[in-house]
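Trainee: Positions in the sequence shown are counted from 1; adding 98 to them yields our numbering. The beta carbon of each residue, even a glycine, is placed where N, CA and C say it ideally should be. Got a structure here, written out as structure tokens. Questions coming.
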Amino acid sequence: MGNIVVSIETTSTNDKSSFATNTSFWTDLWDNYTSEFQEVVIHCWKEELAAIEELSARAISVMDEGLMKVLTINLNEDNRLFFRSHTIDVNGGLKWFAMFFHVDGDERLEISHYGSEIILYKVDEEEAKNFISIFSPSVITHYYDDYAD
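Encoded structure:
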């Protein structure tokens with residue numbers, strides 16, 4: 099078992115740094131790799147007021163952690179549909195800086211840097227190959243085997 103890290107080409111604007119230039123993977127990722135999760139923890143920079151406001155109504159918890167707002171959101175049917183359909187930012191990348199998905203307190207999926215880095219934890223090499231297949235061929239991937247020397 100190990101972790102697969104996918105790095106997607108990035109760009110930046112005056113309003114947002116280092117975000118994914120291609121988010122065509124999103125619906126496949128959402129449909130095929132999030133169904134086991136009951137909640138998502140999202141980190142937004144405090145100055146991202148529109149993003150925070152959009153999520154706050156859905157959040158079961160909102161906390162301040164340094165320069166970040168941390169929102170926890172239950173993944174009920176309505177919220178799943180929202181995330182599947184309303185996560186891509188019209189200005190590029192994903193709307194939120196980072197999303198963390200856990201199973202029984204154990205992190206299993208991380209989507210960070212506005213969708214430019216995605217890590218799927220606790221997978222074997224075959225699962226990692228299947229995961230990589232949802233992304234464009236231009237991504238950079240690396241599989242880290244937890245038990246390799």
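(1) Restricting to runs no shorter than 4 residues, where is the alpha helix (DSSP H) found entirely within the stretch 157 to 191?
(2) Have a look at M166 and S115 and give me their C-alpha separation to the nearest angstrom.
(3) Taking the beta strand (DSSP E) that K220 falls in, what are its first and last residues?
(4) Contact between the stretch 225 to 238 and the stretch 102 to 112 is defined here as three or more beta-carbon pairs at a separation below 8 Å; is this criterion met?
(5) In chain order, what residues of the same chain lie with their CB nearer than 6 Å to the CB of S210, ignoring the 5 residues before and after it?
(6) Quick one: grab the DSSP three-state call for D202.
Mentor: To lay it out plainly:
(1) Those alpha helix (DSSP H) runs which fall completely within the stretch 157 to 191 and span 4+ residues are 175 to 183.
(2) 15 Å
(3) Secondary structure note for K220: its beta strand (DSSP E) is the uninterrupted segment 215 to 221.
(4) yes
(5) A196
(6) coil
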